[in-house]
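Using this note's numbering, you'd call the opening residue of the sequence shown number 238 and step up by one each time. No residue lacks a Cβ here, since even glycine has one placed at the ideal position from N, Cα and C. Structure, as structure tokens:
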Amino acid sequence: MNKREFLRTSGLLGAATFLPIGRAFAEDGRFTGERGVCSLIPSETAGPFPLDLTENATFFRQDITEGYPGVPHTVRLRIIGLNNCEPMPNVRVNIWHCSNEGRYSGYSVSNNPGQAGLTYLRGYQFTDADGMVEFQTIFPGWYPGRICHIHFQVYVNSSYAAISQLTYPIETKNAIYAANPDLYPSGADPLSYNQDGIFNNGYEFQLATLEANDEGGYDSFLEVAVQGNGIPTGLAELQVAEQFELGQNVPNPYVGGTVVPIRLERASDVQLDLYDLQGRKVADVQQLGLPVGEHRIVLDMVKLGLPSANYVYQAEVRNSAGVWRTAKMMTAQR
Numbered sequence: 238m239n240k241r242e243f244l245r246t247s248g249l250l251g252a253a254t255f256l257p258i259g260r261a262f263a264e265d266g267r268f269t270g271e272r273g274v275c276s277l278i279p280s281e282t283a284g285p286f287p288l289d290l291t292e293n294a295t296f297f298r299q300d301i302t303e304g305y306p307g308v309p310h311t312v313r314l315r316i317i318g319l320n321n322c323e324p325m326p327n328v329r330v331n332i333w334h335c336s337n338e339g340r341y342s343g344y345s346v347s348n349n350p351g352q353a354g355l356t357y358l359r360g361y362q363f364t365d366a367d368g369m370v371e372f373q374t375i376f377p378g379w380y381p382g383r384i385c386h387i388h389f390q391v392y393v394n395s396s397y398a399a400i401s402q403l404t405y406p407i408e409t410k411n412a413i414y415a416a417n418p419d420l421y422p423s424g425a426d427p428l429s430y431n432q433d434g435i436f437n438n439g440y441e442f443q444l445a446t447l448e449a450n451d452e453g454g455y456d457s458f459l460e461v462a463v464q465g466n467g468i469p470t471g472l473a474e475l476q477v478a479e480q481f482e483l484g485q486n487v488p489n490p491y492v493g494g495t496v497v498p499i500r501l502e503r504a505s506d507v508q509l510d511l512y513d514l515q516g517r518k519v520a521d522v523q524q525l526g527l528p529v530g531e532h533r534i535v536l537d538m539v540k541l542g543l544p545s546a547n548y549v550y551q552a553e554v555r556n557s558a559g560v561w562r563t564a565k566m567m568t569a570q571r
């Protein structure tokens, strides 16, 4: 199994940081979301410069900077289901935004010259057991006609994805620009929310927090509610379900080791691949000739030579009907 096959076949996954970061936020007071009260994230355009990130294995990464200049910025999103305001694990979250100079990678047009073939400031991760993802990037600049913003897409399954944008408190954002004139040559962002073509009809549910951290950068957080109270089933997931069902590892979060349940509808060969947050395959476990029924795959992280961390685990099932894959995320206990 190569990385490209993994990325193309893993629409429902989960990965975030070394720890279940939703709990980390709750413990240090930075996370204040309340269960039972949530509102659907507004749907926005994917433009002007979207890319299908899954077509390029480069984009499965937590650090999306590629060395581009700017104030260090940690972006955290927590994905919850609208129906019950509970976390949605194992969904893919894409983000992309402009550079410190207001340009987007991947396109060369009159207002965005010389950027074709570049991949900076784009990437995706997968939600952990608390519905959290985290990206390391730079604070975005701005360009004429748009207030400073970040695009994101929550890919729930093969039949539903929520596309939206987030923005920031104006005073704090412009203070970053003012304090770093060499990094942000355009200076203060002149637009208000009401002057922006996207946020002029409301921004309450798209306004991320923005706070200085101890490392000289800034942290932001936004809770994002999408349709559902779990993971709806799309066509691709139904096709896989006819062959096998991959369960959530137990315990999750885990310490030292965990067990992955799998149910086979046909006699099959099974390979379980583990990937780290940068999309690198770090281990695999094979079980050949398994009969129809329930099975348990034991993952002993010590024997596998792996540190206790968050990983994506993907099951590849080969049987008389073909080759089938799906994946989930395992979260390390703090």
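- In the three-state DSSP reduction, T356 falls in the coil class, being neither helix nor strand.
- Under DSSP, E448 shares a beta bridge with D456.
- Under the three-state reduction of DSSP, A398 is assigned to strand.
- Among the bridge pairs identified by DSSP, W379 is matched with none.
- A direct Cα-Cα distance of roughly 43 Å separates I301 from P528.
- Residue environment: A558 is assigned as exposed (fewer than 16 neighbouring CB atoms within 10 Å of its CB, all protein chains considered).
- For Q508, the secondary structure class from DSSP, reduced to helix, strand or coil, is strand.
- Boundaries of the alpha helix (DSSP H) around A415: I407 to A416.
- Taking the CA atoms as reference points, A445 sits about 19 Å from D451.
- Only exposed fits L525, as fewer than 16 other CB atoms lie within 10 angstroms of its CB.
- Ranked by Cα distance from N437, the first of L541, E448 and Q402 is Q402.
- DSSP lists I387 as the beta-bridge partner residues of L403.
- Within the region 309–369, the runs of beta strand (DSSP E) that reach at least 3 residues and sit entirely inside it are, in chain order, 309–318, 329–333 and 359–363.
- 8 Å or more divides the Cβ of L319 from the Cβ of Q480.
- Comparing alpha-carbon positions, the option among G378, S276 and Q515 lying closest to G424 turns out to be G378.
- Around the beta-carbon of P306, fewer than 16 other beta-carbon atoms lie within 10 Å, marking it exposed.
- In the DSSP annotation of this structure, the continuous segment of the beta strand (DSSP E) that includes Y548 starts and ends at Y548 to N556.
- When V487, T404, G360 and Y341 are compared, the shortest CA-CA separation from L536 is found for V487.
- Nearest C-alpha to S429 among A399, A412, P406 and Q443: P406.
- For P279 against F442, the beta-carbon gap comes to about 6 Å, under 8 Å, which counts as contact.
- Cβ-Cβ separation between P498 and R555: approximately 19 Å, too far for a contact (criterion under 8 Å).
- Around the CB of S457, 16 or more other CB atoms lie within 10 Å, so the residue is classed as buried.
- Taking 8 Å as the cut-off, the Cβ atoms of A462 and I317 count as close.
- A569 places its beta carbon 8 Å or farther from that of A552.
- Across the set G484, P427 and E460, the C-alpha of P427 shows the shortest separation from the C-alpha of G382.
- With respect to L501, Y550 sits apart: the two C-beta atoms are not nearer than 8 Å.
- Of the candidates Y344, V308 and V346, V308 places its Cα closest to the Cα of Y455.
- Setting aside the 5 residues that flank it on each side, P544 is surrounded in the same chain by M538, each with a C-beta closer than 8 Å to its C-beta; the list follows chain order.
- If you draw a 10 Å sphere on the C-beta of P490, you find 16 or more other C-beta atoms in it, and that means buried.
- By the criterion of at least three beta-carbon pairs nearer than 8 Å, the region 357–372 is not in contact with the region 404–421.
- In the DSSP assignment, Q515 falls outside any beta strand (DSSP E) and carries neither an H nor an E.
- Annotation: I375 to G434 spans about 24 Å, alpha carbon to alpha carbon.
- Using a 10 angstroms sphere on the CB of A416, the tally of other CB atoms stays under 16, which defines it as exposed.
- Relative to the Cα of C275, the nearest Cα in the group V519, Q476 and E460 belongs to E460.
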